[in-house]
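S.K.: Numbered according to the numbering used here, the sequence shown spans residues 2 to 599.
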Amino acid sequence: MPIVEQDPPTNPSSPASRSAPVRKRPRAARLILGIALVGALTLAAGVVGAVILLKDDFGPSVKEGSFLEVVVDGKLHDAPGATGFVLDPNDFPVLLTEATADIRRAATDARITGLYLEIEGTSLGWAGAGELRAAILEFGASGKPCHAWADAYDNKAYYIASACKDVYVSPAGVMLVNGFSLTTEYYSGAMEKLGVTSNFEHVGDFKSAIEPYQRAEPSEAASVAMDYMLDGLYEELVSGVATGRGVPVESVKAWIDDPPITPDSAVTRGMVTGTKYRDQVADDLAGKERTELSDYHEDPSGFGGGKVVAVVHAEGAIVSGESGSPMFGGSMVGDRTLIDIFDDLREDDNVAAVVLRVNSPGGSGLASDNIWRALIRLKEAGKPLVVSMGDYAASGGYYIAAPADWIVAQPATLTGSIGVFGGKLNLGGIYGKLGITTHTWRRGAMSDLFSPISDFNEGERAKFREFLQGFYDIFLARVGEGRKLERDAVHEVAQGRVWTGSQAKERGLVDEIGGLETALKKARELAEVPDGEELRLERYPRRRTFIEQLSEDLKEARLPPEATLPEVKRAWAQFEVLERVLQDGGVAAMLPAAIEVR
Numbered sequence: 002m003p004i005v006e007q008d009p010p011t012n013p014s015s016p017a018s019r020s021a022p023v024r025k026r027p028r029a030a031r032l033i034l035g036i037a038l039v040g041a042l043t044l045a046a047g048v049v050g051a052v053i054l055l056k057d058d059f060g061p062s063v064k065e066g067s068f069l070e071v072v073v074d075g076k077l078h079d080a081p082g083a084t085g086f087v088l089d090p091n092d093f094p095v096l097l098t099e100a101t102a103d104i105r106r107a108a109t110d111a112r113i114t115g116l117y118l119e120i121e122g123t124s125l126g127w128a129g130a131g132e133l134r135a136a137i138l139e140f141g142a143s144g145k146p147c148h149a150w151a152d153a154y155d156n157k158a159y160y161i162a163s164a165c166k167d168v169y170v171s172p173a174g175v176m177l178v179n180g181f182s183l184t185t186e187y188y189s190g191a192m193e194k195l196g197v198t199s200n201f202e203h204v205g206d207f208k209s210a211i212e213p214y215q216r217a218e219p220s221e222a223a224s225v226a227m228d229y230m231l232d233g234l235y236e237e238l239v240s241g242v243a244t245g246r247g248v249p250v251e252s253v254k255a256w257i258d259d260p261p262i263t264p265d266s267a268v269t270r271g272m273v274t275g276t277k278y279r280d281q282v283a284d285d286l287a288g289k290e291r292t293e294l295s296d297y298h299e300d301p302s303g304f305g306g307g308k309v310v311a312v313v314h315a316e317g318a319i320v321s322g323e324s325g326s327p328m329f330g331g332s333m334v335g336d337r338t339l340i341d342i343f344d345d346l347r348e349d350d351n352v353a354a355v356v357l358r359v360n361s362p363g364g365s366g367l368a369s370d371n372i373w374r375a376l377i378r379l380k381e382a383g384k385p386l387v388v389s390m391g392d393y394a395a396s397g398g399y400y401i402a403a404p405a406d407w408i409v410a411q412p413a414t415l416t417g418s419i420g421v422f423g424g425k426l427n428l429g430g431i432y433g434k435l436g437i438t439t440h441t442w443r444r445g446a447m448s449d450l451f452s453p454i455s456d457f458n459e460g461e462r463a464k465f466r467e468f469l470q471g472f473y474d475i476f477l478a479r480v481g482e483g484r485k486l487e488r489d490a491v492h493e494v495a496q497g498r499v500w501t502g503s504q505a506k507e508r509g510l511v512d513e514i515g516g517l518e519t520a521l522k523k524a525r526e527l528a529e530v531p532d533g534e535e536l537r538l539e540r541y542p543r544r545r546t547f548i549e550q551l552s553e554d555l556k557e558a559r560l561p562p563e564a565t566l567p568e569v570k571r572a573w574a575q576f577e578v579l580e581r582v583l584q585d586g587g588v589a590a591m592l593p594a595a596i597e598v599r
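1) Rounded to whole angstroms, what is the Cα-Cα separation between G335 and S369?
2) Just verifying my parser: in three-state terms, what is the DSSP assignment at K277?
3) If we count the other Cβ atoms within 10 Å of its Cβ and call it buried at 16 or more, is S302 buried or exposed?
4) Here's the rule I'm using: 16 or more other beta-carbon atoms within 10 Å means buried, otherwise exposed. How should V494 be labelled?
5) In angstroms, rounded to a whole number, what distance separates the CA positions of E526 and W127?
6) Do A613 and F422 have their C-beta atoms closer together than 8 Å?
7) Find out if the Cβ-Cβ distance for the pair P261, M176 is shorter than 8 Å.
8) Taking A217 as the reference, which of E193, V204, G436, S240 has the closest Cα?
9) Where does the unbroken alpha helix (DSSP H) through F140 begin, and where does it stop?
10) Is K157 helix, strand or coil by DSSP?
11) For I514, list the residues DSSP reports as bridge partners.
12) Helix, strand or coil for T269, going by three-state DSSP, please let me know.
13) Considering E236, what are the terminal residues of the alpha helix (DSSP H) in which it resides?
14) Leaving aside the five residues before and after I377 along the sequence, list all residues of the same chain whose C-beta is less than 7 Å from its C-beta, in chain order.
15) Comparing C-alpha positions only, which one of K145, S171, T244 sits nearest to Y278?
16) Leaving aside the five residues before and after S20 along the sequence, list all residues of the same chain whose C-beta is less than 6 Å from its C-beta, in chain order.
17) Could you give the first and the last residue of the continuous alpha helix (DSSP H) run that contains F476?
18) Using the beta-carbon count (16 or more within 10 Å), is N458 buried or exposed?
19) With DSSP collapsed to three states, give me the class of G424.
20) Could you give the DSSP three-state label for T101: helix, strand or coil?
21) Can you tell me which of Y393, E323, H440 puts its alpha carbon nearest to the alpha carbon of L357?
22) Nearest CA to the CA of F451: which residue from E316, R537, S199, C165?
23) Three or more beta-carbon pairs under 8 Å between the stretch 481-491 and the stretch 212-231, yes or no?
24) Identify which residue in V387, M272, A149, Q281 has its Cα closest to the Cα of E616.
25) What are the boundary residues of the alpha helix (DSSP H) that includes I377?
26) Would you call the CB atoms of V359 and I401 closer than 8 Å?
27) Span of the alpha helix (DSSP H) holding R112?
28) Going by CA-CA distance only, name the one from T438, G363, V73 that's closest to G317.
29) So, using beta-carbon positions, are S365 and I319 closer together than 8 Å?
30) Sort out for me which residues DSSP pairs S147 with in a bridge.
31) Given a cut-off of 8 Å on the beta-carbon distance, is the pair G516 and E132 in contact?
32) Quick check: the Cα distance between G391 and Q411, rounded to an integer number of angstroms?
33) Determine the direct distance from the alpha carbon of P213 to that of V569, and round the result to whole angstroms.
34) Sort out for me which residues DSSP pairs I319 with in a bridge.
35) Measuring from the CB of L234, is there a heavy atom of the ligand COA at a distance below 7 Å?
36) Between L231, S163, K523, L536, which has its C-alpha nearest G502's C-alpha?
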């Protein structure tokens, strides 16, 4: 029997903290507002209950003989919590791995006769795109037709669409499948103008995460590692498209190097099947009576008995404390949040196995080690642990994957980066520009080791390097223990070097290529649950509530307009994450900069 997915039970939210006494009238006003808010939430809860009760009788149903309609847009995320709570549970966006499971199920569903794929743009990384594409390929292998359409295709959109036999573009659309570019921003020049000096150290020849703060260009080692990684991703793109379109690899490379820029030239050169408007594909080819993915997705209600496989999502930079979202976007994985989840799962007799879905570029070394310990305790309690890697499972992300009984990755997953860095920024120059002077009283030769207004001296730098080397040795030991490798063998593939999933498998850092479904099958096997026995799936952490999402939206609303520009947000987000990562001890296990291959 298939794995049946349902949401885990949630804990009641903690009571709101009380304000200090204030004047009577404002307090009364707040009380009235509070009562109104409680009433509104009560009404909302009633609506939710009514929707759930009426869902089976009046909700959408699968249309017999219909095409399954899958729209790929920015709402397709890997982990729960990436979007906020809405009143109708049916409106929760389907997660990436839920979508892939639904597409595979539709391949053998007699009610579904084909697949209509519409691409409006995607926030998925290359591994996520590959996971979706693999599911579409399996659907096509069933013999059912698959039609893909888009107004415009870039590299990633076309890579996904090429899984369908028929690929269409709007007659006035845009074709821009022109290969990869990866740009790293370097801040040393800006920091020099501001009077900020960088005091960072690293362990690992390829651990180049600190280079944007110290250099104006990449080092030779960083260039070698980045070129090799890009070669792996480029090979995946080219071979995937060649297989999908049934053409030689050389033809795909020719398309990329001399891209057909107009829809008609794309048809002539065989990149697409034809040019059609949306209605000509959606209505005329797929049929007006289509079943949307959100309608097809089975969202179980109630909490049945039986054994459970828990899927725990680790999405974002790893930090100490609770999980959350930075002001400038993204997400953070708090060690305390994950530890609490793993502790509960360890003590739950119904949990047969745990799948850790890692989509993280790493973060705090200390937080990563705390999570590692919680996972070891989980295994000691007899719970099999399987890791499924998403777009990233690098550095600290690999650290928490290391203790797994089995590691599954996508070919385009970015992983490895086994190395550490740390340090501080000296803001003394800014103080001087602002006319601020300081005086420090010290007791102890290194009492101001992490002072934000002074550089490391020679002795302090040596002491800090000793600290980093000690943590790197721990990192190697953790990986060696989990992968059953000698220290020197781990060091050979470590040193901060980033690998694709396929490259990591060749080096013993990954066991199998595949997605979450592959990991779930392995979890069932390790838990010794027979194929015919139902195994329920529960995801953690829970989705964010309306209030939590509203709070996050308000943070964004308070930003000045210029701070919402993509380039500004990206730069400040990197600084914000770095500050949070380093605040608990100065050791960071993270990817070099923000790797975004377009």
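The beta carbon of each residue, even a glycine, is placed where N, CA and C say it ideally should be.
Bear in mind the structure is a predicted one, so any value in this text is a computation, not a measurement.
M.R.: Walking through what the data contain:
1) 9 Å
2) coil
3) Low confidence applies here, because S302 scores a pLDDT of 35, under 50, leaving its location unreliable; read the following figure in that light. Burial call: exposed.
4) buried
5) 28 Å
6) Summary: the structure shown does not reach residue 613, with the chain confined to residues 2 through 599, and so no result is reported for it.
7) yes
8) E193
9) 127-142
10) helix
11) A410
12) helix
13) 221-246
14) P404
15) S171
16) Here the model assigns S20 a pLDDT of 36, short of 50, so the residue's position is not dependable, and the following value carries that caveat. Excluding positions up to five away in sequence, the list is empty.
17) 459-484
18) exposed
19) strand
20) helix
21) Y393
22) S199
23) no
24) Given that the chain is displayed from residue 2 to residue 599, the structure contains no residue 616 and the question cannot be resolved.
25) 366-381
26) yes
27) Unbroken run through R112: none, as it is neither H nor E.
28) G363
29) yes
30) A quick correction: the sequence has Cys, not Ser, at residue 147. Beta-bridge pairing links C147 to L116.
31) yes
32) 7 Å
33) Residue placement at V569 cannot be trusted, given a pLDDT of 49 that sits under 50; the coordinates are not used to answer.
34) V334, G364
35) Among the components modelled here there is no ligand, and therefore nothing to report on the ligand COA.
36) L231
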